[in-house]
Every structure is written in C-alpha cells, then in structure tokens.
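Numbering (the working numbering), first residue to last: 263 to 773. The beta carbon of each residue, even a glycine, is placed where N, CA and C say it ideally should be. On a predicted model such as this, the values are computed, not experimentally measured, just so you know. This report refers to the structure that appears directly beneath it.
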Amino acid sequence: MKHDHISFIDYNMDQLTLPMDISELIPSHSVARVVNEMIERVPDQHFLKYYPGGGRSTYHPKMMAKILVYAYTQRMYSGREIAHQLTVHLPLMWLSGFQTPDFRTINRFRSERLKGLIDDLFKQVIVLLVEEGQVQLDSYFLDGTKIEANANRYTFVWRKSTEKYKEKLEGKVEELITQIDGVWKEEASCEENEKTVISPEKIQNKVKEWEGKLEKEPKNKELKKAIKVMKKDYLPRSLKYKKNLSICGDRKSFSKTDPDATFMRMKEDHMKNGQLKPGYNVQMASNEQFILSYTLHQRPGDTRCLIPHLQEVKAKFNIDPKRIIADAGYGSEENYAYLEEKKQEAYIKYGLFEKEQKRSFKKNPHHQSNWVYDEEKDTFTCAAGKYLYFTGEKKQTTESGYESTIRVYQCNECEGCPFRKDCTTSKYGRSTQVNEAYQELKSKVKERLWTDEGKQLYARRKIDIESVFGQFKGNRSFRRFFLRGLPKVNIEIGLISLAHNLLKSAAKKAA
Ligand code: SF4
C-alpha cells in the first residue's frame with residue numbers, strides 16, 4: 263500500500279538523547295512547579311520539628327511532602343500507585359530528584375510524619391498565598407460536605423440498640439442474681455428509687471463471690487452453671503456494650519471498621535435509597551475558591567459545627583475571619599450570638615428567611631409577625647381582634663449549654679372563632695412564642711443581608727465554596743477517604759486542600 267502523502271518525523275531510538283536538565287521538560291506554569299516552589303519556600307524548621315533526630319537517615323520531608331501533594335493534584339491517592347508513578351511520571355521523578363521511596367515509606371510518611379505537619383504546612387502555604395495577594399482572609403465562605411469513610415457500610419453499631427441490648431442483659435443478670443442469692447430485689451429496694459447499676463465490675467465481683475461460695479458447696483450445680491453463664495456470656499457482653507457506648511459518646515452510631523466514622527446520609531446517594539453510610543462531616547471555608555481552612559466533625563448536621571469549627575481554625579491556622587458567609591443550615595440563635603460576641607459579621611440566613619419574604623407569608627393574618635403587639639399591655643392582637651396574654655417564660659438549653667429564653671402567650675377566646683381552623687389545631691386554643699434575643703439577632707442579620715454587600719457576598723457563596731466541593735469531589739474524584747481514624751483522615755483532607763490550592767494557584771498563574 264502506498265503512503266505518498268504521509269511524512270513521518272524521524273524516529274530512531276538509537277539516537278535518543280535525554281536533555282541533561284530534566285526540569286526543562288516541566289512546563290513553566292505546571293502544577294508540579296508550583297508545588298515545588300511553594301513547599302521549598304516553607305522554612306525548614308516547620309518540617310524539622312516533627313523529626314526528633316537520631317535513627318537511620320531518612321528521605322527529606324520536603325521531597326516527601328512535594329510528591330504526596332503533587333500526587334493528590336493528579337488523583338493519585340494510593341501509596342502503591344504513587345510509588346509506581348515515581349518511576350514513570352516525569353514531574354514526580356523531577357520532584358523526587360529521581361529518588362524512589364517504596365509504598366510503605368510513602369504510607370508511613372503520610373500517616374505518621376504528616377500527623378502534625380499537615381496543618382502546619384497548609385497554614386504556611388496559606389500565608390504565602392496571602393502574601394502573594396492570591397487569597398484574602400476577610401470573607402469566609404463556609405459550608406460542610408460529607409465524605410464517606412474507608413469503612414464497611416454494614417459494620418454499624420447503633421447507640422440506641424446497644425442501650426436496648428444492655429438493658430435486656432441487665433434484666434437477665436438481675437434475674438440470675440435473684441435466682442442464686444434470692445436477695446436482689448431487697449438490695450434494690452434498700453437503695454429506694456435509685457436504680458442499681460449492673461456494670462462489668464459488678465458482674466466480676468459477683469462471680470468472685472459465687473466462686474468463693476462454690477468452694478464451700480462444690481455440689482451446688484445451679485451455682486456452678488450460673489458462674490459459667492456470667493463468665494462466658496454476660497460478662498463479655500456487658501464489657502462489649504460498655505466499650506461500644508463509650509466509643510459512641512454523644513453520637514448515634516459508629517462503624518466497627520473505623521470507629522471514628524459516624525453513619526450519615528450522604529448527598530451523593532447514587533442508589534437513591536437514602537442509605538446511611540459511615541463518614542465524616544468536613545467543614546471547609548474558601549475565598550476566591552482557595553480553601554482557607556478545614557475541620558472534621560462526627561455529627562451530620564452543620565448547625566452545631568460552626569462554633570467548634572471557628573475555634574479550631576483560630577487555634578490551628580490562626581484564622582479569625584471578619585465576615586462569615588454560610589447557608590441557612592448554620593443560622594441559629596447560639597451561632598448568631600457567638601459571632602456577635604466575637605465581633606464577626608454573620609451573613610448567614612436562618613430557616614424562615616426565604617419564606618418570610620413571600621407574599622403568602624406576609625399576608626397570612628394568622629402569623630405572629632403580622633399581629634399588633636402592645637408593649638405596655640404585653641399582648642398580641644390576633645386576626646379576630648382577641649388578645650394573646652403573656653403566660654410565662656421557659657428556658658431552653660442547647661447541648662453546648664447555650665440558654666434561650668422563650669416568652670409564651672396564650673389566647674383564651676378561641677372557642678367558636680370562625681378562623682380557628684386556619685389559626686390553630688390545638689384544643690387549648692392558640693398560643694405563640696417569642697424569643698426576643700433571637701429576634702433581635704435575626705433582624706440584625708436580615709439588615710446586613712439586605713445591603714448591597716450582603717447580597718453580593720451571599721450570591722458568591724454558591725460559586726465559591728460549593729464549587730470547591732464540586733472540584734475535589736467531582737473533577738478529582740475524591741469521594742471516599744483512604745485512611746481510617748480522625749487523625750489520619752485529617753491528614754488526607756489537609757493533603758486534598760493543599761493540592762486544591764496549589765492547582766488553583768497554578769491555574770491563576772497560567773491565565
Ligand atoms: S383562633 Fe383564637 S387566636 Fe386565632 S384568630 Fe381566633 S381568637 Fe384569634
């Protein structure tokens with residue numbers, strides 16, 4: 263067959279000569295160069311403090327950090343793959359200076375050396391990005407995303423069922439003690455209403471006591487059997503339940519393969535069956551789509567993560583943002599009060615924010631906000647012209663100890679009212695509640711959100727932090743952690759965040 267019209271570039275492997283300087287092959291704005299430059303600029307002392315000295319000579323932490331961060335920018339997350347790529351992937355070979363740590367060394371560096379180092383490294387790179395004017399820390403776009411843990415989906419332990427099993431077991435132990443000693447009930451009644459706790463220690467003590475008794479009555483078969491049941495069945499179960507409940511803490515569940523992971527409903531539910539999966543709630547903030555901070559949480563909801571997140575970020579990264587922009591999932595009295603006290607501006611909507619703007623809401627004659635309030639008499643006047651009188655205050659305390667004061671008002675003339683069915687379903691007539699402190703905080707936030715700056719900032723939220731999640735979960739396919747346990751998962755999220763920022767910086771420089 264003739265190929266007159268094709269001309270091939272000369273190809274002769276015998277004459278192949280590689281350039282002396284491999285760096286010539288790395289494009290000037292490639293992410294490998296940015297990784298190299300940024301990590302080189304981090305002073306050595308930040309690395310050295312994690313090396314106690316002595317021992318065998320070891321790979322330079324800057325080299326190890328560079329190859330790991332770069333690998334994460336290229337969707338290489340497994341130690342084995344990174345080790346393999348160190349022999350074939352040119353930018354990695356350049357970054358490692360042709361050194362080839364094996365996968366065990368890479369994994370060990372990642373999960374042990376990076377433990378404290380990762381947060382420090384992330385912080386130093388943020389400082390450099392701020393110095394370069396690529397990032398500013400004033401406006402803080404915060405959101406949470408759930409990432410699946412490296413844990414089996416079917417290895418859950420639920421607190422409620424554990425408590426139920428524990429209670430059942432306690433009943434059985436009580437029964438057995440009553441059967442052998444015949445005194446359990448009296449013992450319990452002596453302590454009046456106080457419930458006698460059946461702990462593993464109590465079971466152990468009982469076993470000891472019975473073993474002593476058995477020595478004196480070696481023919482007591484019932485006692486012998488009871489000791490066996492206690493030792494072989496009840497004691498190990500009691501120990502197991504105690505351990506599981508202590509791992510659970512205030513969580514509802516945990517996974518047996520990664521006890522730090524909690525079962526949560528994930529946003530990406532490909533099977534659409536609402537299945538709960540073991541995971542972590544990652545709270546992250548961004549600015550100009552650069553990640554400013556990250557923290558890990560073991561509860562699924564965002565509301566109660568805000569304060570611990572901000573406290574951790576201040577301690578870890580020394581970031582104390584002026585403006586916090588977040589969605590309605592973070593709008594709570596406690597959060598607003600905290601930010602107010604810290605003099606941080608909240609651009610955070612609350613649950614009813616959107617609904618309140620709707621015509622149907624504004625025109626609803628049965629909504630408290632559309633009633634007339636008489637300050638002197640401390641009454642509301644409803645749509646039927648009747649009064650709702652103040653009946654008392656109640657206190658509500660959040661899990662973290664924040665106390666809200668709620669004033670309750672009641673109408674006593676609802677009987678026979680033509681509006682009743684639209685106004686209330688309560689058989690006692692209509693009541694309404696007012697939380698003055700929360701109202702005041704909400705109106706401040708509302709005012710702020712309605713300014714031009716507020717509107718602009720809130721509109722940016724979606725394109726800022728939400729795109730960051732899209733980029734690392736979608737584009738870089740990071741949807742599941744590789745490592746287990748909070749400290750190691752923190753390393754991974756730190757690596758992902760560093761990789762994300764350096765990719766962003768490279769893209770900006772190349773533009
Ligand atoms: S049901 Fe009671 S509160 Fe509601 S409109 Fe009638 S009188 Fe007023």
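For G406, the enclosing beta strand (DSSP E) covers residues S401 to E410.
A distance criterion of 6 Å places the beta-carbon of K639 beyond contact range of the ligand SF4, judged by its closest non-hydrogen atom. Counting C-beta atoms within 10 angstroms of its own C-beta, S423 has fewer than 16 neighbours from the protein chains shown and is therefore classed as exposed.
With 7 Å as the limit, the residues whose C-beta approaches a heavy atom of the ligand SF4 more closely than that are H628, C644, A645, A646, K648, L650, C673, E675, C676, C679, F681, R682, C685, T686, G691 and R692, in chain order. Residue pairing for H559: DSSP places it in a beta bridge opposite N543. In the DSSP annotation of this structure, the continuous segment of the beta strand (DSSP E) that includes M526 starts and ends at T524 to R527. Distance from the Cα of H571 is smallest, within the candidate group N549, N597 and Q551, for N597.
Straight across, the Cα-Cα distance linking L431 with V419 is about 17 Å. Taking C-beta atoms as the reference points, L558 and N763 fail to come closer than 7 Å. For the set Q658, L650, Y664 and A646, the Cα lying nearest the Cα of D684 is the one of A646. Leaving aside the five residues that flank E728 on each side, the residues in its chain whose CB is nearer than 7 Å to its CB run, in chain order, D405.
Put simply, of L354, G341 and V304 the residue whose alpha carbon is nearest the alpha carbon of L287 is L354. Under DSSP, D636 takes part in a beta bridge, and its partners are T641.
Beta-bridge annotation (DSSP): E394 is not paired with any residue. Linking D522 to P562 through their CA atoms gives a straight-line distance of about 13 Å. The DSSP assignment places complete beta strand (DSSP E) segments of no fewer than 3 residues inside the segment 644-711 at 649-659, 665-673 and 693-696, in order along the chain. Counting C-beta pairs closer than 8 Å gives fewer than three between the segment 584-601 and the segment 625-633, which falls short of the contact rule.
Around Y720, the same chain offers I587, Y609, K611 and L711 as residues with beta carbons nearer than 8 Å, after the five sequence neighbours per side are excluded.
For the options Q560, K483, S500 and Y542, the alpha carbon positioned closest to that of R513 is the one of Q560. Under the three-state reduction of DSSP, S290 is assigned to coil, being neither helix nor strand. V670 places its beta carbon 7 Å or farther from that of T643.
According to the DSSP assignment, E437 belongs to the alpha helix (DSSP H) that extends over R421 to D443. Counting only runs that start and end inside the segment 469-528, the alpha helix (DSSP H) elements of at least 4 residues fall at 483-491 and 497-510. Per DSSP, reduced to three states, the secondary structure at S548 is strand. Bridge pairing for Y609: I587 [DSSP]. Rounded to whole angstroms, S555 and G591 show a C-alpha spacing of 19 Å. The beta carbon of R682 sits closer than 7 Å to those of C676, all from its chain and outside the five residues before and after it, given in chain order. Straight through space, the alpha carbons of C679 and K639 are spaced by roughly 23 Å. Its chain contains H308 as the residues whose beta carbon lies nearer than 6 Å to that of D382, once the 5 sequence neighbours on both sides are disregarded; these appear in chain order. In the assembly as shown, P305 is an exposed residue. Its beta-carbon has fewer than 16 other beta-carbons within 10 Å.
Listed in chain order, the alpha helix (DSSP H) runs fully inside the segment 362-395 are 365-370 and 376-393, counting runs of at least 4 residues. If you draw a straight line from the Cα of Y339 to the Cα of N506, it is about 31 Å long.
Contact between the segment 739-749 and the segment 330-349 is present: 3 or more CB-CB pairs across the two stretches fall below 8 Å. In this structure, V397 sits near L391, with a CB-CB distance shorter than 7 Å.
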